[in-house]
């Protein structure tokens, strides 16, 4: 079978069969010293056939996310590179494993991005941090701390209202995530959050992670 015919056959396969063929063919390519060429061919295949998958530069296969998600994820991970943020960075690594795997686990993804935000929230309020990140602690701590209007804006009520709305939005995100954190504690339940809800919660969560990093640095 010629390479173009082989690649076309792969593109037409069910996803599970596709993953198996790509994996074992990749192992063979590695044995004969042509792994790099194989990865490049598969990357071109996934792009040209608009498959809902992508191959990374190491040969790993992941669900295709849009470029905005990829850019946001990279920005968040880069922002957590300081040793001070090690716990949050570890949580984000677990998030990537759960969400970017061949079979994403939406529930775990939500929980891990929440864990990253909670780690940063507690870090900000050392040495006496709250026990947990909840809607109550979000309002109690951030409501007083972020962002304080600068002196030249003290009379600008719209800034204060915007600040309050931001804190309320963060508390709302916490409340939404808590629904699935509670669900995670029920071992007999395998219900997964809908994809569209998961996408919204993890995207907002990554934005809040960046926000909390900025608060910590500006403190």
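In my numbering, the protein residues as written are 27 to 245.
Ideal placement from N, C-alpha and C gives every residue a C-beta, glycine not left out.
Apart from the five residues on each side of it in sequence, which residues of its chain come closer than 7 Å, Cβ to Cβ, to residue i?
i	result
residue 147	159 and 238
residue 200	159, 160, 161 and 164
residue 65	81, 83 and 85
What does the Cβ neighbour count give for residue i, buried or exposed, with the cut at 16 atoms within 10 Å?
i	result
residue 193	buried
residue 219	buried
residue 62	exposed
residue 221	exposed
residue 240	exposed
residue 105	buried
residue 206	buried
residue 58	exposed
residue 112	exposed
Between the alpha carbons of residue i and residue j, how many angstroms are there, rounded?
i	j	result
residue 92	residue 229	12 Å
residue 155	residue 164	11 Å
residue 46	residue 186	55 Å
residue 80	residue 157	40 Å
residue 48	residue 56	12 Å
residue 121	residue 190	29 Å
residue 225	residue 68	26 Å
residue 73	residue 203	33 Å
residue 169	residue 52	53 Å
residue 100	residue 94	10 Å
residue 130	residue 227	15 Å
residue 236	residue 244	12 Å
residue 96	residue 110	24 Å
residue 234	residue 70	34 Å
residue 171	residue 137	25 Å
residue 183	residue 152	30 Å
residue 188	residue 119	32 Å
Leaving out five residues before and five after residue i in sequence, what residues of the same chain have Cβ atoms less than 6 Å from its Cβ?
i	result
residue 141	117
residue 60	none
residue 132	218, 219 and 224
residue 258	Nothing can be reported for residue 258: it is not among the residues displayed for the chain, which extend from 27 to 245.
residue 98	232
residue 126	88
Hey, residue i and residue j: beta-carbon distance below 8 Å or not?
i	j	result
residue 242	residue 150	yes
residue 134	residue 143	no
residue 128	residue 87	yes
residue 139	residue 195	no
Apart from the five residues on each side of it in sequence, which residues of its chain come closer than 8 Å, Cβ to Cβ, to residue i?
i	result
residue 198	161
residue 166	156
Could you tell me if the beta carbon of residue i falls within a distance shorter than 7 Å of some heavy atom in the ligand FMN?
i	result
residue 162	No copy of the ligand FMN occurs in the structure displayed, which carries no ligand at all.
Is the CB of residue i under 8 Å away from at least one CB in chain C?
i	result
residue 242	Going by chain labels, chain C is absent from the structure shown, which holds only one protein chain.
Can you list the beta strand (DSSP E) stretches of 3 or more residues lying completely in the segment 48-96, in chain order? 79-81 and 87-89
Start-end ranges of the alpha helix (DSSP H) lying completely within the segment 103-165, minimum 4 residues: 112-125 and 132-150
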